[in-house]
Amino acid sequence: MVEYINHNRNVITEPIYPEVVHMFAVNMFRGLPPSSNPTGAEFDPEEDEPTLEAAWPHLQLVYEFFLRFLESPDFQPNIAKKYIDQKFVMQLLELFDSEDPRERDFLKTTLHRIYGKFLGLRAYIRKQINNIFYRFIYETEHHNGIAEFLEILGSIINGFALPLKEEHKIFLLKVLLPLHKVKSLSVYHPQLAYCVVQFLEKDSTLTEPVVVALLKYWPKTHSPKEVMFLNELEEILDVIEPSEFVKVMEPLFRQLAKCVSSPHFQVAERALYYWNNEYIMSLISDNAARILPIMFPALYRNSKSHWNKTIHGLIYNALKLFMEMNQKLFDDCTQQFRAEKNKEKAKLKEREEAWMKIESLAKSNPQYVLCVDPSGLNSPVEMETDGPFIEDVQMLKKTVQARALQVIQRSEQSFIILILILILIRCGRDLAHMEKDDPRHVFRSFLFSICTRATVFVVMS
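Throughout the sequence shown, residue numbering follows the UniProt record's numbering, covering 1 to 461 in sequence.
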């Protein structure tokens, strides 16, 4: 049947349409099995084997026949729209969560053909894909078809007319950009980056919100994800307009300075590869006066302190390029960096002196018990926190004196309570052995009552 419909003309008549759609529906629209790994580690296409559909030989024939039906020169959308409606599309979209990549590939092609031929369904298809993305981002963080949806959207975005509609801009800012924060980004990142770049090629004014959003979602502890962000950022810089670059260059290069300083050598290496991109270097050269002061401290420090020798070579290359761009600016940055280092040394010395004064003040306090560490590792001078200055020392001195006075008062109060309790115990013991008509019994009872009230008063105060 597949070959017949493929090689013959005028075989798709009007009565065929409902039969073909019904045949596809009864064979394809089914409940998918539960995920093989619903709460475990994310699927890695390079390491993990996908779960394949056992009935695939049968399903493949149905998909192939339906695709030939849609692609046939005899196919008439005006007739088919009676049967391929919103309900049909909704059920088709639900199948994208299949774990079998072969089925998702056929679904991608099928949906793309339907989107191209049925103009009345386009807005509905985009809306339903948006809803799937929203659930994926904010609720489940699990869906097998995100990469395929993004691949379809990449070709759709490519066909958007200019100027872009507000609906499409909202889709970029509210749907595509938040997809960057999902932990399984690696599964669909190439397709996502392609969609973002397509938008920027259509409308360069979207560059600033896109770059700001990327910096907002920038990973802090996931180095492989950070490398993905750097890859995407370079793709964006390849198409950025110089006027838009000026708006984002300062926060952008502050983030690049952090990446250059990363102990993960792949992150630092990927960031330093930007200096091998001719277009990016031309943008840097035009704005060196603002970019070099941001990058210079990170480059200079890591040229000596980074553990990886490859990074040293890449940093020397970047510094050399900066020097060739503007020798005077480079010398000014060097002088400024040295002045900052001298300031840091002076501040460190002042901090050490302040800690020494605190230590001597603590030793002079009679309530202070000094614990000496023979290794000297716990010396106050070697603490890495910001140290106090002279006014802090004076304030600390007053606090120590007030605390010492409180300790003395509490000690006196505790001693009084102890004496009263001892008297109470003695009176109670005597009362237990005396007769009520004994004259001493009245005195002991009176004393017992007075001591009880005194004890309560002291404790409450």
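The beta carbon of each residue, even a glycine, is placed where N, CA and C say it ideally should be.
Can you tell me whether Phe296 is buried or exposed? The criterion is at least 16 other CB atoms within 10 Å of its CB, across all chains shown.
buried
Proximity winner among Leu233, Lys247, Pro242 and Glu94, relative to Leu272 (alpha-carbon distances)
Leu233
When you compare only the Cα positions, how much space is there between Lys117 and Ala193?
27 Å
Quick check on the DSSP output: the alpha helix (DSSP H) that includes Pro15 runs from which residue to which?
Careful: Pro15 lies outside any alpha helix (DSSP H) and carries neither H nor E.
For Ser262, count neighbouring C-beta atoms within 10 Å of its own C-beta (all shown protein chains included) and say buried if the count is 16 or more, exposed if not.
buried
Rounded straight-line distance, which links the Cα of Lys349 to that of Cys333
Cα to Cα, the separation comes out at about 24 Å.
Determine, using beta carbons only, whether Met90 and Val62 come nearer to each other than 8 Å.
No.
For Ala55, which option in Glu103, Lys82, Lys87 and Thr110 has the closest C-alpha, if you only look at C-alpha atoms?
The candidate whose alpha carbon is nearest that of Ala55 is Glu103.
On the CB-based measure, 16 or more other CB atoms within 10 Å of its CB, does Met1 come out buried or exposed?
exposed
How many angstroms separate the CA atom of Leu93 from the CA atom of Leu299?
49 Å
Contact between the region 272-292 and the region 322-333: three or more CB pairs below 8 Å?
yes
Short Cβ contact (8 Å threshold) for Ala147 with Gln191
Gln191 sits close to Ala147, with the two beta carbons spaced by under 8 Å.
For the alpha helix (DSSP H) that contains His112, what are its first and last residues?
Pro101 to Lys117
Please say whether Asp97 and His22 have beta carbons closer to each other than 8 Å?
No, Cβ-Cβ distance for His22 and Asp97 is not below 8 Å.
Report the residue from Gln198, Val182, Leu185 and Tyr138 whose alpha carbon sits nearest the alpha carbon of Leu164.
Leu164 has its Cα closest to that of Gln198, out of Gln198, Val182, Leu185 and Tyr138.
Please report the Cβ distance between Asn302 and Val260, rounded to the nearest whole angstrom; I am assuming they are in contact, meaning their Cβ atoms lie under 8 Å.
6 Å
Secondary structure of Gly31, DSSP reduced to three states
coil
Where does the unbroken alpha helix (DSSP H) through Pro77 begin, and where does it stop?
Residues Pro77 to Ala80.
Could you tell me the alpha carbon to alpha carbon distance between Glu208 and Phe171, rounded to whole angstroms?
16 Å
From Pro380 to Trp275, what does the alpha carbon distance come to, in whole angstroms?
A caution first: Pro380 carries a pLDDT of 48, below 50, which makes its placement in the model too unreliable to give a value.
How big is the Cα-Cα spacing for Gln335 and Met323?
In this structure, the straight-line span from the alpha carbon of Gln335 to that of Met323 is close to 14 Å.
If contacts are defined as beta-carbon pairs under 8 Å, then Ser186 and Pro224 qualify, I think. What distance do you get, rounded to the angstrom?
7 Å
Hey, quick one: how far does the alpha helix (DSSP H) through Phe129 stretch, first residue to last?
The sequence given here places Ile at residue 129; Phe does not occur at that position. Counting along the chain, the alpha helix (DSSP H) containing Ile129 begins and ends at Arg122 to Arg135.
His58 classed as buried or exposed, judged by whether at least 16 other C-beta atoms fall within 10 angstroms:
exposed
Just to confirm, is the Cβ distance from Glu241 to Ser204 under 8 Å?
yes
Cβ neighbours of Ile5 in the same chain (closer than 8 Å, five flanking residues each side left out):
Val11, Ile12, Phe65, Arg68, Phe69 and Ser72.
Considering only C-alpha positions, which residue in the set Trp218, His264, Val210 and Ala257 is nearest to Val239?
Val210
Among Asn277, Ala213, Asp286 and Tyr279, the one whose alpha carbon lies nearest that of Gln255:
Ala213
Ignoring anything shorter than 4 residues, give me the alpha helix (DSSP H) runs that lie fully in the region 211-252, in order along the chain.
223-239
Nearest to Lys398 (by Cα), restricted to the options Ile423, Ile417, Phe415 and Asn365:
Asn365
Continuous alpha helix (DSSP H) stretch holding Ser155: start and end
Start and end: Ile146 to Asn158.
Give every residue of the same chain whose Cβ lies closer than 6 Å to the Cβ of Glu384, excluding the five residues on either side of it in the sequence, and list them in chain order.
Confidence at Glu384 is low in this model, with a pLDDT of 44, below 50, so the placement of that residue is unreliable and no value is reported for it.
Do you know whose CA, among Leu418, Val20 and Ala288, lies nearest Lys82's CA?
Val20
With C-beta atoms as the reference, is Asp100 less than 8 Å away from Glu53?
By the CB criterion at 8 Å, Asp100 and Glu53 fall inside the cutoff.
Met228 to His189, Cα distance in whole Å?
8 Å
is_contact[Phe330, chain C] using C-beta, thresh 8 Å
The chain inventory of the structure shown lacks chain C, comprising one protein chain alone.
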